[in-house]
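Asker: Heads up: the sequence shown is residues -21 to -1, 1 to 550, going by mature numbering (1 follows the signal peptide of the UniProt record, and there is no 0).
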Amino acid sequence: MIMHVVSRVAGLLAVGFGVLASTVAGCADGGSGRAPDAGPGGDGIDSGGGNGQIDAGRDDQPDAWSGDAGELLPQRCNPDYAFFEDEFGRQAYCIYVATTGSDETGEGTADAPYATITHGIEVAVARGAATGRVHAVAVSKGTYRERVTIENGTSVYGQFDAEDRWSRDDANETIIESATVEGDRVEGVVAIGVSAPTVFEGFTIVAGPAPAESRNVDVYGVRVADSTPVLPELGGLVLRELRVEAGAGSPGDDGLAGTDGDDGVQGGRGTDGTKANGNPQPGGLGAVTICGGITLDRTRGGDGGSGGGDDLAGCGTGPDDAQSGGSPPSLTSCGGGTAGDSCSCAAPVDHDGDPGGQGSACATEPAANGDAASAPTVRGSVVDGAWAPRAGFAGNDGAAGVGGSGGGGGGSGCDAIGYGRTGGGGGGGGSGGCGGLGGGGGRAGGSSFALFVSGSAIAVPGCSFTSGDGAAGGAGAAGGLGGDAGAGGEAGAGGHAGGAGGPGQAGGIGGSGAGGPGGSSIAALLCESDVDGLDLGELEEGAAGAAGAAPARGVAGIAGVAARVFDGCEL
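1. Any idea what DSSP makes of Asp333, helix, strand or coil?
2. Which value, in whole angstroms, describes the spacing of the CA atoms of Gly468 and Ala538?
3. CB residue 553 to CB Ala186, shorter than 8 Å?
4. Taking the alpha carbon of Gly455 as the reference point, which residue from Arg112, Ser353, Gly107 and Thr84 has its own alpha carbon closest?
5. If you drop the 5 nearest sequence neighbours on each side, which residues of the same chain put their C-beta closer than 6 Å to that of Val104?
6. Here's the rule: buried if 16 or more other CB atoms are within 10 angstroms of the residue's CB, otherwise exposed. What is Leu505?
7. What does the alpha-carbon distance come out to for the pair Gly461 and Gly243?
8. Who are the Cβ neighbours of Gly85 in its own chain at under 6 Å, not counting the five residues just before and after it?
9. Please identify the residue among Glu344, Thr250 and Gly167 whose C-alpha is closest to the C-alpha of Pro188.
10. Have a look at Gly414 and Ile273 and give me their C-alpha separation to the nearest angstrom.
11. Is it buried or exposed for Ser312, if we count other Cβ within 10 angstroms and need 16 for buried?
12. For Gly536 versus Gly495, is the C-beta distance shorter than 8 Å?
13. Would you kindly work out how many angstroms separate the C-alpha atoms of Glu212 and Leu221, rounded to a whole number?
14. Hey, quick one: how far does the alpha helix (DSSP H) through Ala109 stretch, first residue to last?
15. I need the boundaries of the beta strand (DSSP E) containing Gly492, first residue and last residue.
16. Thinking Ile171 and Val223 are a contact (beta carbons under 8 Å), I'd like their distance in whole angstroms, please.
17. Nearest to Ser303 by alpha carbon, out of Ser309, Asp289 and Asp333?
18. Counting pairs of Cβ atoms below 8 Å between the segment 475 to 484 and the segment 335 to 353, do you hit three or more?
19. In whole angstroms, what separates the C-alpha of Val201 from that of Ser500?
20. With 16 other CB atoms within 10 Å as the buried threshold, where does Leu518 fall?
21. Any idea if Gly10 is buried or exposed, counting beta-carbon neighbours within 10 angstroms, 16 or more meaning buried?
22. Go through its chain and collect everything with a Cβ distance to Asn151's Cβ below 7 Å, but skip five positions before and after it.
23. Do Phe372 and Ala525 have their beta-carbon atoms positioned less than 8 Å apart in this structure?
24. Is DSSP giving Thr177 helix, strand or coil here?
25. Which stretch, first to last residue, makes up the beta strand (DSSP E) that contains Glu220?
26. Is DSSP giving Glu469 helix, strand or coil here?
27. Do you know offhand how far Thr250's Cα is from Gly403's?
28. Looking at the structure shown, is Thr343 part of a helix, part of a strand, or coil, going by DSSP?
29. So who's on the other strand from residue 558, going by DSSP bridges?
30. Bridge partners of Ala170, per DSSP?
31. Determine the direct distance from the alpha carbon of Gly490 to that of Gly533, and round the result to whole angstroms.
32. If you check the beta carbons only, do Phe444 and Ala502 fall under 8 Å apart?
33. State yes or no: is the C-beta of Ala438 within less than 8 Å of the C-beta of Val217?
34. Just tell me which of Ala175, Gly521 and Asp546 has its CA closest to the CA of Gly215.
35. Contact check, Gly388 vs Gly246 under 8 Å by CB: the rounded distance?
36. Which whole runs of the alpha helix (DSSP H) in the segment 427 to 468 are 4 residues long or more, in chain order?
Okay, structure coming up:
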């Protein structure tokens, strides 16, 4: 288990990150403890235009509370009994949210609340921008199935009871449930770039687990990034009295099996000789294989030698010797088939030349197989404020086979009346097969983070964080088989036939990919961050995910990590 708790002693707790000692119960009424009037709000803040529209409203007069004697008391959206202003010294105005409300027809007032926390925050931000006055969101008990984004400077308080004149009590459980996958993540609450004093208080947050049919999904209860106070003495983001549960991640995908290499190509056929005098006939061309859209000269076979010719009438006039077959370009030390001798007019007069020699299969050993991937050493790292898991490495491709050499050309013949017959050309060498492609590495199993903080300084007084199990990594995949060798080209007939081309070499087998890393279970991950109050909270981690399985001729991944607190940016 990796354990490192950050506890920073600073004035932030006393000034900006202070935990209020008083019991919270309803928007403040100057200490009277009275609930807000359920009426229309008088001439105060216009709480919305209905039909889901965000209306900045009026702030020339604050909304009113009705006292027992009918007096008007200024409304403040502060859940603490003791102060009109919130703990940061700011005057705040309430936007109300309840499960019985409506984003379409609600007005954000106590008697006509909105239905979702997200819409309530949107309205609070819009009114704050329009009026210059800070607005906060009061949320009634119940379950809200949404992913919530905390906005800079807009505080959100749960544990109200809309059916009891918006009184507030710890027993009023206010739950945020999130199970929707967005970008390979399930997130309950997200805060990005929060630098002004902002409180998020009094919620149970349940994120995940990842859907059963999903793959490669990480789960975050609360994710905070780039949220450092502009003025430390004023404080910044405070997550208070939260109970956060992050569910299990989902398994990693298995790697993709390597594709088999394409087979080599048969060499070209040598040209047949003529039955009378004529020029030498060319041998067949060496074949070449296209592997992955690329013509690989390594696979090219040698050309066949040309047959012998006799371009003049009369015995022994103008004979052309046959040519030996060519070597493959990638293995010039491998000679082609020998040329056949052409005839002379010495007795016997009527006979053919000698045949050309056959080309060779030049490779003496199988083509090299691709190397299997090594096991991963890193499970992932923090990138742009979120977890970036690493997959298992892929195996290397097998080597392509080399081509065979060309067959030698056949010698020319002669007959009794002195007319020669040209020899057949040698067959071209067959090309080598393509190497099998390397197998893919398994993807990482999904991780579970109850609290994930990157590049931030926040406070978390009175919170508990529980992460779920990490999921197993995906299995690595085997590499593909090498392509078969191309056959040598056929010899051309003639005064005497040329030699057949030599066969190419089969491609090597692709290397196997490695298994993926298992997902991790971290109750609180801190990447370049300070988190006050974490050591006073309750932290519990789940089980680490298993390493992805090893394929044939391959290696397994590495298991995930289980830790209550991990202080670092790479696992």
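C-beta atoms are modelled at their ideal positions from N, C-alpha and C, and glycine is treated no differently. Computed from a predicted structure; not experimentally measured.
Answerer: On the basis of the data shown:
1. coil
2. 53 Å
3. The displayed coordinates of the chain run from -21 to 550. Any statement about residue 553 would go beyond what the structure contains.
4. Ser353
5. Glu130 and Thr133
6. Burial is judged here by how many other beta carbons sit within 10 angstroms of a residue's own beta carbon; Leu505 has at least 16 and is buried.
7. 10 Å
8. Ala91, Pro92 and Tyr93
9. Gly167
10. When rounded, the distance between both Cα atoms is 13 Å.
11. exposed
12. Yes. Within cutoff.
13. 24 Å
14. Ile96 to Thr110
15. First-last for Gly492: undefined, no H or E at that position.
16. Not confirmed; about 17 Å, so no contact.
17. Asp333
18. yes
19. 14 Å
20. buried
21. Only weak support is given to the placement of Gly10: the predicted model assigns it a pLDDT of 32, under 50, and the value that follows is read from those uncertain coordinates. When all chains shown are included, Gly10 counts as exposed.
22. Lys120, Gln138, Phe139 and Asp140
23. Taking 8 Å as the Cβ cut-off, Ala525 and Phe372 do not qualify as a contacting pair.
24. strand
25. Leu216 to Ala225
26. When DSSP states are grouped into helix, strand and coil, Glu469 belongs to the coil group.
27. 6 Å
28. Three-state DSSP puts Thr343 in coil, outside helix and strand.
29. Any property of residue 558 remains undetermined from this structure, which presents the chain solely from -21 to 550.
30. Ile129 and Val203
31. 8 Å
32. Their beta carbons are under 8 Å apart, which means Phe444 touches Ala502 by this criterion.
33. yes
34. Ala175
35. About 14 Å; that fails the 8 Å criterion.
36. none
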